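Chains as they are written, first to last, in our numbering: chain A, 37 to 364; chain B, 110 to 380.
Backbone N, C-alpha and C fix where the C-beta goes; we use that ideal spot for every residue, glycine too.
Remember, predicted model here, so these are calculated numbers, not experimental data.
Only one structure is covered here, and it is reproduced in the block below.
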């Protein structure tokens, strides 16, 4: 279903967003937060915006939602210039920002209901959707609690669910899974997939959680230092690093002789104590793995695997930052 | 033109021209009056936790000044000036000082962006927070008016209430302007307190215009509270529309500027 939706969007679908030469320089700053960014976001896809902290991702999505004025360049939303029609953007786009709602004295269900009615739902429709969302995210026990008395994750959930009220054509979510517990995080990604697959909604999501993004996103842009480092379908992005499979080796013990063997393999790197990463060409990987296993003491090896390119590798390739070093 | 596909309840075919929204609502935004009431309701909910202290803040200053002026000013008009002056202070506190601080605080805490991302207009938001100020000032206004009526025999007419409400909306533009242009809540708080001193003590709120120093008589004409206080005193003295129309005209003009023109200049979306 995901592939069908993607194929349709890429072949016959219109663009949700067309961004051209977008530059944003904040007042008092010399370095641009966004520098000459051009990208197309087809309607009906899940589009991931990736990049290191401070890369300019939030600046980009705030401009897409009309909340921030670009310094130069153009953003077209379904063909219309956002800069001149910024007041109409909320009719199409629902936005969840990184900064949480300051509605401490509101109950969870009030936030959803008010948002839904302001977006044009009848009070009954809004109540119905709010109840459905609360049930879907197993949050009915939170319905009547005040946001000010909730944990950060629960408050974030309220803000995220408010984004879903009244089913806008485009959802823009800036790091929606931060602070959420694993169950709700998983549910959220599943819900985004459902929204896209069922209703064809365009979903733009900023996230640092690459393995989770990889399971739902059709396309991605990688922003680094305010510029587009890479953009395309996940397949296209991964093909840029297709020649780089890797062997991951977990060691129970790292005796001098084991370290000696591993150190002699070109490119082998001790990512952290007990974890060695060895890059390999896809065709050479089996033979190289055999050689490594034969060279090491059997009792020293805990586990091993051959890993094909992931978003982590794409991220590493285009930003030079290795997320695997800190992965569990 | 940007438009939503939500107008049709029919699930549109997924032909690539527009994503179908199967659970689409019939409209894409709440009608104006409903949106106004909803945002007002939402803003009033903010008072759920600290309404008591808010009322104390709104009431204490005007009540203290009421007693202070009445007791210390040795003039037959003391009662009238004490009551009308305190009512103007109450109105100014809610419409300008609190509103400016509220808007600055909204900016700081992201509530402002929350509304900017929803399909409501700047004008609606300014009208809501001005109305919120008026509503929150009502208990204090009623208290001062009641004390004035019972203890000092100063009668506030229905026209006087209209003048106060009109004055509140006239002042709201100033509060909104300060709040929106302040960097954060702290700066808005300081700026509004400076302004509060100017609009209360550099205008003929507690004393007659003719008793003010010469140059202040001219600068006072640029301060909205001058017109509110003068109209209120005239109405308390039994004056009708024929006597009040010059002040009312100024206040209506300022209210229109506050509610219609000031929002157009507000940085709704940031540069």
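Closer than 7 angstroms to a non-hydrogen atom of the ligand MN - does that hold for the CB of residue 128 of chain A? Questions concerning the ligand MN fall outside what the structure shown contains, since it holds no ligand whatsoever.
Do residue 356 of chain B and residue 336 of chain B have their CB atoms nearer than 8 angstroms? Within the second chain, residue 356 of chain B is the residue found at index 247, counting from 1. Within the second chain, residue 336 of chain B is the residue found at index 227, counting from 1. Yes, the Cβ-Cβ distance between residue 356 of chain B and residue 336 of chain B is below 8 angstroms.
Out of A:233, A:297, A:336 and A:275, state which residue places its alpha-carbon closest to the alpha-carbon of residue 79 of chain A. Taking the first residue of the first chain as position 1, residue 79 of chain A is located at position 43. Each of A:233, A:297, A:336 and A:275 was checked against the Cα of residue 79 of chain A, and the nearest Cα belongs to A:233.
Interface residues of chain A around residue 297 of chain B at Cβ under 9 angstroms? Taking the first residue of the second chain as position 1, residue 297 of chain B is located at position 188. Contact note: residue 297 of chain B does not reach chain A at a C-beta cutoff of 9 angstroms; the least C-beta distance is about 15 angstroms.
Going straight from the alpha carbon of residue 305 of chain B to that of residue 220 of chain A, what length do you get? Position 196 of the second chain, counted from the first residue, corresponds to residue 305 of chain B. Position 184 of the first chain, counted from the first residue, corresponds to residue 220 of chain A. Each residue's CA atom was taken as its position, placing residue 305 of chain B and residue 220 of chain A some 48 angstroms apart.
So is residue 170 of chain B buried or exposed if we call it buried at 16+ other beta carbons inside 10 Å? Within the second chain, numbered from 1, the residue matching residue 170 of chain B stands at position 61. The residue in question, residue 170 of chain B, is buried, as its Cβ has 16 or more Cβ neighbours within 10 Å.
Whole angstroms are fine: how far does the CA of residue 236 of chain B sit from the CA of residue 368 of chain B? Here residue 368 of chain B is taken as the residue at index 259 of the second chain, counted from 1. Here residue 236 of chain B is taken as the residue at index 127 of the second chain, counted from 1. Looking at the two C-alpha atoms, the distance is approximately 6 angstroms.
Can residue 272 of chain B and residue 225 of chain B be called in contact, C-beta distance under 8 angstroms? By 1-based counting over the second chain, the position of residue 272 of chain B is 163. By 1-based counting over the second chain, the position of residue 225 of chain B is 116. Residue 272 of chain B places its beta carbon 8 angstroms or farther from that of residue 225 of chain B.
Which residues, in chain order, does the segment 145-164 of chain B contribute to contact with chain A at a C-beta distance below 9 angstroms? Cβ proximity to chain A below 9 angstroms picks out 147, 148, 150, 151, 154, 155, 156, 157, 158 and 159 from the segment 145-164 of chain B.
Look up residue 245 of chain A in the DSSP assignment and say whether it is helix, strand or coil. Position 209 of the first chain, counted from the first residue, corresponds to residue 245 of chain A. Here residue 245 of chain A sits in coil by DSSP.
Any beta-carbon of chain B closer than 8 angstroms to the one on residue 141 of chain A? Numbered from its first residue, the first chain carries residue 141 of chain A at position 105. It does: the Cβ of residue 141 of chain A has a partner Cβ on chain B nearer than 8 angstroms.
Go ahead and label residue 287 of chain A buried or exposed: buried means 16 or more other beta carbons lie within 10 angstroms of its beta carbon, across all protein chains shown. Stepping through the first chain from its first residue, residue 287 of chain A is reached at position 251. The residue in question, residue 287 of chain A, is buried, as its Cβ has 16 or more Cβ neighbours within 10 Å.
Could you name the residues of the same chain whose beta carbon sits closer than 6 angstroms to that of residue 241 of chain B, not counting the 5 residues immediately before and after it, in chain order? As a first step, residue 241 of chain B is located in the second chain; it is residue number 132 there, counting from the start. Counting only residues of its own chain and dropping the five nearest sequence neighbours on each side, residue 241 of chain B has a CB closer than 6 angstroms to the CB of 152.
Reference residue 295 of chain B; option with closest CA among B:179, B:177, B:217 and B:348: Within the second chain, residue 295 of chain B is the residue found at index 186, counting from 1. Sorting B:179, B:177, B:217 and B:348 by C-alpha distance to the C-alpha of residue 295 of chain B places B:217 at the top.
By the 10 Å Cβ neighbour count, where 16 or more other Cβ atoms means buried, how is residue 239 of chain B classified, buried or exposed? The residue labelled residue 239 of chain B in the question sits at position 130 within the second chain. Its Cβ being crowded by 16 or more others within 10 Å, residue 239 of chain B is buried.
For the segment 311-331 of chain A against the segment 257-267 of chain A, are there 3 or more C-beta pairs whose distance is under 8 angstroms? The answer is no - the segment 257-267 of chain A does not touch the segment 311-331 of chain A, with fewer than three Cβ pairs under 8 angstroms.
So residue 225 of chain B contacts chain A; which residues on that side make the cut at Cβ distance below 7 angstroms? As a working mapping, residue 225 of chain B is identified with position 116 in the second chain. Proximity of chain A to residue 225 of chain B at the Cβ level (cut-off 7 angstroms) is accounted for by 103, in chain order.
For residue 211 of chain B, the first and last residue of its enclosing alpha helix (DSSP H): Taking the second chain and counting its residues from 1, the one referred to as residue 211 of chain B is at position 102. Counting along the chain, the alpha helix (DSSP H) containing residue 211 of chain B begins and ends at 208-218.
Would you call the segment 51-66 of chain A in contact with the segment 90-105 of chain A, where contact means no fewer than 3 C-beta pairs closer than 8 angstroms? Short answer: they touch.
C-alpha gap between residue 346 of chain A and residue 269 of chain A, whole angstroms: As a position in the first chain, residue 346 of chain A is number 310, starting the count at 1. As a position in the first chain, residue 269 of chain A is number 233, starting the count at 1. Approximately 13 angstroms, taken between the alpha carbons.
Should residue 162 of chain B go down as buried or exposed, given a rule of 16 or more other Cβ atoms within 10 Å for buried? Position 53 of the second chain, counted from the first residue, corresponds to residue 162 of chain B. The residue in question, residue 162 of chain B, is exposed, as its Cβ has fewer than 16 Cβ neighbours within 10 Å.
Counterpart residues of residue 308 of chain A in DSSP-defined beta bridges: Position 272 of the first chain, counted from the first residue, corresponds to residue 308 of chain A. According to DSSP, residue 308 of chain A bridges with A:311.
Would DSSP call residue 321 of chain B helix, strand or coil? Counting from 1 along the second chain, the entry for residue 321 of chain B is found at position 212. Per DSSP, reduced to three states, the secondary structure at residue 321 of chain B is coil, with no helix or strand assignment.
Could you tell me whether the Cβ of residue 363 of chain B comes closer than 8 angstroms to any Cβ of chain A? To locate residue 363 of chain B, count along the second chain from 1; it is residue 254. Chain A places no beta carbon closer than 8 angstroms to that of residue 363 of chain B, leaving this residue out of the contacts.
Name the two residues that bound the continuous alpha helix (DSSP H) containing residue 140 of chain B. Reading the second chain from its first residue, position 31 is the one you call residue 140 of chain B. Per DSSP, residue 140 of chain B lies in no alpha helix (DSSP H) segment and is marked neither H nor E.
Which residues in the same chain as residue 147 of chain B place their Cβ atom closer than 7 angstroms to its Cβ, once the five residues preceding and following it in sequence are excluded? One-based indexing of the second chain puts residue 147 of chain B at position 38. Contacts found: 139.
For residue 131 of chain A, which residues of its own chain have a beta-carbon under 6 angstroms away from its beta-carbon, when the five flanking residues on both sides are left out? Numbered from 1 along the first chain, position 95 holds the residue referred to as residue 131 of chain A. 101 and 208, listed in sequence order.
With 7 angstroms as the C-beta to C-beta threshold (strictly closer), list the residues of the segment 74-98 of chain A near chain B in chain order. For the segment 74-98 of chain A, the residues whose beta carbon sits under 7 angstroms from a beta carbon of chain B are, in order, 79 and 80.
When burial is assigned at 16 or more other CB atoms within 10 Å of the CB, is residue 322 of chain A buried or exposed? Sequence index remark: in the first chain, residue 322 of chain A carries index 286 (1-based). With fewer than 16 Cβ atoms within 10 Å of its Cβ, residue 322 of chain A is classed as exposed.
If we define contact as Cβ-Cβ less than 8 angstroms, is residue 289 of chain A a contact residue for chain B? On the first chain, position 253 is the one that residue 289 of chain A refers to. Closer than 8 angstroms: no.
I'd like to know if residue 139 of chain B contacts chain A, where contact means its C-beta is closer than 8 angstroms to some C-beta of that chain. Translated into positions along the second chain, residue 139 of chain B becomes position 30. So, interface residue.
Give the interface partners of residue 189 of chain A over in chain B, defined as CB-CB distance under 9 angstroms, in chain order. Indexing the first chain from 1 puts residue 189 of chain A at position 153. Under the 9 angstroms cutoff, chain B gives no residues; its nearest Cβ is about 17 angstroms from residue 189 of chain A.
Consult DSSP for residue 60 of chain A and reduce its assignment to one of helix, strand or coil. Along the first chain, read from residue 1 onward, the residue named residue 60 of chain A stands at position 24. Annotated three-state conformation of residue 60 of chain A is strand, per DSSP.
Using a threshold of 8 angstroms, state whether the C-beta atoms of residue 233 of chain B and residue 145 of chain B are closer than that. Here the question's residue 233 of chain B lines up with position 124 in the second chain. Here the question's residue 145 of chain B lines up with position 36 in the second chain. Against a cut-off of 8 angstroms, the Cβ pair of residue 145 of chain B and residue 233 of chain B comes out as a contact.
Three-way DSSP call (helix, strand, coil) for residue 348 of chain A in this model: Indexing the first chain from 1 puts residue 348 of chain A at position 312. Per DSSP, reduced to three states, the secondary structure at residue 348 of chain A is helical.
Cross-strand partners of residue 267 of chain A (DSSP beta bridge): Numbered from 1 along the first chain, position 231 holds the residue referred to as residue 267 of chain A. Note: residue 267 of chain A sits in a beta bridge opposite A:257.
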